[in-house]
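J.: Those protein sequences? They're chains X and A, same order as listed. Last residue of the first sequence: 512 (my numbering), numbering continuous. Last residue of the second sequence: 1512 (my numbering), numbering continuous. Note that the Cβ used here is the ideal one computed from N, Cα and C, for glycine as well. First, the structure itself, so that you have it in front of you.
There are 2 protein chains.
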Amino acid sequence: MRTRSWWGWGWTEEALPDDECVALAALLPGLADRPLPVPVIDLKDPRVRAPSALRCRVSAEPADRAGHTYGKAYRDVMRALRGDLAAAPDLVAYPASEDDVVAVLDWAASSGVAVVPYGAGSSVVGGVEYRGTDHRGVVSLDMSTMDKVVEVDRVSRAALIQAGTLGPALEDQLRPHGLTLRHFPQSFEFSTLGGWLATRSGGHYATLYTHIDDLVESMRVVTGAGISESWRLPGSGAGPSPDRLFLGSEGALGIITSAWMRLQDRVVHRASASFHFGSFAAGLEAVRAIAQSGLYPTNCRLLDPGEAGLAGLGDRTVLVLGVESAHVPVEGVLASLRTIAGDHGGTPIPSRDAAADTWRAAFLRMPYVRDAMARMGAIVETFETACTWDRAESLYHAVRADLASTVESVTGSPTIVNCRLTHVYPDGPAPYFTVIAVGRPGSEVAMWDEIKLAAMETLHRHRATVTHHHAVGRDHRPGYDRQRPEPFALALRAAKSVLDPHGILNPGVLID
Amino acid sequence: MRTRSWWGWGWTEEALPDDECVALAALLPGLADRPLPVPVIDLKDPRVRAPSALRCRVSAEPADRAGHTYGKAYRDVMRALRGDLAAAPDLVAYPASEDDVVAVLDWAASSGVAVVPYGAGSSVVGGVEYRGTDHRGVVSLDMSTMDKVVEVDRVSRAALIQAGTLGPALEDQLRPHGLTLRHFPQSFEFSTLGGWLATRSGGHYATLYTHIDDLVESMRVVTGAGISESWRLPGSGAGPSPDRLFLGSEGALGIITSAWMRLQDRVVHRASASFHFGSFAAGLEAVRAIAQSGLYPTNCRLLDPGEAGLAGLGDRTVLVLGVESAHVPVEGVLASLRTIAGDHGGTPIPSRDAAADTWRAAFLRMPYVRDAMARMGAIVETFETACTWDRAESLYHAVRADLASTVESVTGSPTIVNCRLTHVYPDGPAPYFTVIAVGRPGSEVAMWDEIKLAAMETLHRHRATVTHHHAVGRDHRPGYDRQRPEPFALALRAAKSVLDPHGILNPGVLID
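Next comes the structure, spelled out in structure tokens:
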């Protein structure tokens, strides 16, 4: 029986043991020689109590409250490790039905209590952490009890799924029907359908179906003005899409309780190939040609030399390509992709699939490694973006230069800045950056904040989005507020004022 | 030099001559023996005058005003043919720049004048016709002077295009760059980019990229609260999409002035095939398998026997398949599609491409034929929808039965109800219906309204969308108002109240 970590990523039992933490310190000179200890939970008493009329389980247990205080950003983990749990919710509610959700919202609205929706807490943008002062208390609305696939329509390949369903449970329930959602974000094991929808999560596909948005047939959302339910439709042009207003609304406009999702047959045919490139710029050109070829590879991941090195793939630019189909053989498509990669200077990496497998193993372990690095005194920031191809290479160089110089001025030490492309579009890539630096004990969070601001500034200067799939939450507000067109901000605020008239829904995310 | 028809579709010179109109009467017993004459334009004087401070051309000419009175729905054409131009705008403004648009809106807001944006007037849902009584006057804002491709980004394959650019002019300006938007709605020749965006138009592709929505990188919109400009991004997860609020907003939230659009390389490889099926139901099963195969044919049009007959393809269910690529040969994909069609009982139609060509010629001529039928006293209604596969066949039968019975009770005569699929998705098709009946002279519009209401009622009962790509306008309001989730209606109304504080933007479409 495994337990969820209250302070860090995933399972407590999967966290790196102390000796492995110490071994990681070799990565960067200046890190600590022993890991930060995990503190004992110490919380103030809850300020509010749930009325007995609420039928769902409501917990005031310290372990529950501590585990629902933060998401999983570096600054969240570090604050938890430092014992800072001042932001802990007063209560954690576990609705078992939509009626329970309505009841919690009604009580919260009448009591001036803020409601922070919580899927599985994998937010890395401060999306599940209340930071305000205007409310009498805070309840974390943990949706994990609503975890069922309610109905499957095999003919239309769609299913009605409750919002609190975790990735693995969702796939487990679809498997007997021969179907899959095929949405596999890095957080898959510890994130829910509702969280994916509320944050416009990015999944499995490198091309074509990148965000969860396109997989939605209809949604049910509990708002302060009633329940919004869109029709199950394969496509529609009846006014602005209702679903697109709630997709990415991060709990500020309502609580998503279920959705009809578009499914797929399970994959039968798979093929992959990997290539080395002489430079990241050369790799970018190859990936652009692939993204514009109409071949839509499932996987198309370009790693810069540093990123490849961290994943154990040597220190050259690596491109990992994958093609999948449930219906037809894919070797022909892979052959066309090979040709494009070769034409752009790619050298095949002989051992087929090796790079993909090595990468995948490293990929899934990364959040645990990040936590171990944090315990060793490293500052680790990951951020991701998207921009058009015409500015991709200059953005890459600018981020590396700006972050290196910022980190040096903040920490006085050298830094690692790596990059990979997670998704690619015909008109541009989605680069993902990792920054590792040496923190000053006790100042890590303030230093991280400075690095984050610098990253947002560089993205803004290149008109690259503040987030491609991590969402806005609270951490990205400085960048998002400048990026969002002002008339749209007015419209969003007006929408919130009617859907959340008491201002209790996840206050602080997206908009004030 | 051709002239635009003020009363009907397209070019005056392309309208069917009287003898061809008479020949069409053979289609249905009971039609007239000579066509309705085209009346002389007779208008009341304009109620408002444009201030001299407006720098753009503003016309009060009767021919301009008559030509901007209606869209091109049957009820529009019939009212024009009956000389009913009571809804004519007082003025037609032709802004040459975004500043001109702002100036017109400012003047209209301060004068209580309604502004009806006008691309090229192809709306078949009352989208460009003011029907209110609350304004001192009405100005039709004709965007056709803003018709330039302003900038091309060859690397990212995108272009900044002004909203008033007509389909052919847009493609003409992209061709020298080797690029194409590849958005070809039936109205292509007489509709504009801005109109496509404002109405979520459906284009060339039967699968994958169906609506214009997915081709948008960023948009500029003049609202009553300033100009909204989103960033050029290949993808983003930064909050709810600003563009998706304006896509489908039909001029009610602002005037779209330009957009960065995603382009494609020009097609090099093409292949197509056609099949007969024993029944429409069998054809539906084949199309479902194709739509769920991940092969994404460019063209996948299923015609029922009546529709095939009208297009000169015999009186059996016909499936027309097409595959296109700018980069790789497509014979392999077509072979896979042939196999699926064959496995589902499709019999190849020997003469390759013949069905596709015959269909295309009939398709482009249809609006002119519709006008000729109207002149011969026929009532012609076309409507389109989308639903999930589990209800597709029952919807098909219900629409045919309900419409036949409605038309018989309304007209006392038999009717023709045909169907084709225009777009198909993995989770459902988009069927398009044509209804032809004999009208009672002078009552055609009232009869059409009854048929339209009956159609919306049948769609509603099957939870099929009131429109897949024709938009809502004013004619679809009864269906749309019931389909739209009420909390979303509140949000949309709140958004309109801040973006259109004086209530002058296309009053009556979408929401009150």
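Does G1439/A pass the burial test, meaning 16 or more other C-beta atoms within 10 Å, or should it be called exposed?
T.: Counting the other Cβ atoms within 10 Å of the Cβ of G1439/A gives 16 or more, which makes it buried.
J.: Considering only their Cβ atoms, is the gap separating T1298/A from E1324/A smaller than 7 Å?
T.: yes
J.: In chain order, what residues of the same chain lie with their CB nearer than 7 Å to the CB of H1469/A, ignoring the 5 residues before and after it?
T.: R1200, S1201, G1202, H1211, E1384
J.: Taking the runs of the beta strand (DSSP E) that are 3 residues or longer, which of them lie wholly in the stretch 1374-1456 of chain A?
T.: 1378-1384, 1416-1425, 1428-1438
J.: Compare the C-beta of E486/X against all C-beta atoms of chain A and say whether one is closer than 7 Å.
T.: At least one beta carbon of chain A lies nearer than 7 Å to the beta carbon of E486/X.
J.: Can you pull the chain X neighbours of H1423/A, defined as C-beta to C-beta under 7 Å?
T.: G235
J.: What residues from chain A crowd round E217/X, counting only those whose CB sits closer than 7 Å?
T.: D1427
J.: Within the continuous alpha helix (DSSP H) that includes E1331/A, where are the two ends?
T.: 1331-1343
J.: Could you tell me the alpha carbon to alpha carbon distance between P51/X and S218/X, rounded to whole angstroms?
T.: 33 Å
J.: In this structure, does DSSP put Y118/X in helix, strand or coil?
T.: strand
J.: Name the chain X residues that come within less than 7 Å of G1239/A, Cβ to Cβ?
T.: G248, V472, Y480, R484, L510
J.: What are the boundary residues of the alpha helix (DSSP H) that I1290/A is part of?
T.: 1280-1291
J.: Could you check where the alpha helix (DSSP H) with F190/X kicks off and where it finishes?
T.: Careful: F190/X lies outside any alpha helix (DSSP H) and carries neither H nor E.
J.: Using a Cβ cut-off of 7 Å (strictly closer), state whether H1468/A contacts chain X.
T.: Cβ-Cβ to chain X under 7 Å: yes for H1468/A.
J.: Please look up how many angstroms separate the CB atoms of V102/X and V222/X, rounded, as I've assumed it's under 8 Å.
T.: The pair is a contact, with the Cβ atoms about 6 Å apart (cut-off 8 Å).
J.: Does the structure place the stretch 150-164 of chain X close enough to the stretch 70-80 of chain X that three or more beta carbon pairs sit under 8 Å?
T.: no
J.: Would you mind reading off the limits of the alpha helix (DSSP H) that contains E61/X?
T.: Neither: E61/X is in no alpha helix (DSSP H) and is coded neither H nor E.
J.: Kindly indicate which residue of S1144/A, M1261/A, A1374/A has the alpha-carbon position closest to the one of V1058/A.
T.: Closest by alpha carbon: S1144/A.
J.: With a threshold of 16 other CB atoms inside 10 Å of the CB of T3/X, please say whether the residue is buried or exposed.
T.: exposed
J.: Measuring only the C-alpha atoms, how far is A87/X from S140/X?
T.: Roughly 11 Å between the two C-alpha positions.
J.: Less than 8 Å between the CB atoms is what I'm expecting for S1258/A and A1163/A, so what's the real figure, rounded?
T.: 6 Å
J.: Please work out which residues of its chain come closer than 7 Å, Cβ to Cβ, to P441/X, disregarding the five sequence neighbours upstream and downstream, and give them in chain order.
T.: Counting only Cβ-Cβ distances below 7 Å, and skipping sequence neighbours, we find G377.
J.: Using a C-beta cutoff of 7 Å, does G294/X count as contacting chain A?
T.: Under the Cβ criterion of 7 Å, G294/X is counted among the residues facing chain A.
J.: Taking the alpha carbon of L43/X as the point to measure from, which residue in T207/X, L160/X, L337/X, G67/X has its own alpha carbon closest?
T.: Comparing Cα-Cα distances from L43/X to each of T207/X, L160/X, L337/X, G67/X, the minimum goes to G67/X.
J.: Write down the C-beta distance between S1241/A and R244/X rounded to the nearest angstrom, noting that I regard them as a contact closer than 8 Å.
T.: 6 Å
J.: Please look up how many angstroms separate the CB atoms of R1262/A and P426/X, rounded, as I've assumed it's under 8 Å.
T.: 6 Å
J.: Can you check whether the CB of G119/X is closer than 7 Å to the CB of S191/X?
T.: yes
J.: For a contact meaning CB atoms closer than 7 Å, what does H327/X contact in chain A?
T.: S1293, G1294
J.: Taking the Cβ atom as the reference point for each residue, do A1114/A and Y1130/A lie within a distance shorter than 7 Å?
T.: Yes. Within cutoff.
J.: Indicate whether at least one CB of chain A lies closer than 7 Å to the CB of V268/X.
T.: no
J.: For chain A, check one thing: does any of its Cβ atoms lie closer than 7 Å to the Cβ of A23/X?
T.: no
J.: With H, G and I counted as helix, E and B as strand and the rest as coil, what does DSSP make of M519/X?
T.: The structure shown has nothing for residue 519/X, since chain X only spans 1 to 512.
J.: For chain X, is any of its Cβ atoms less than 7 Å away from the one on T1465/A?
T.: yes
J.: Taking all protein chains shown into account, decide if L364/X is buried (16 or more other Cβ within 10 angstroms of its Cβ) or exposed.
T.: exposed
J.: Does any C-beta atom of chain X lie closer than 7 Å to the C-beta of T1192/A?
T.: no
J.: So which residues of chain X does P1507/A contact, with C-beta pairs closer than 9 Å?
T.: Ordered by position in chain X, no residue passes the 9 Å Cβ test against P1507/A, which lies about 15 Å from the chain.
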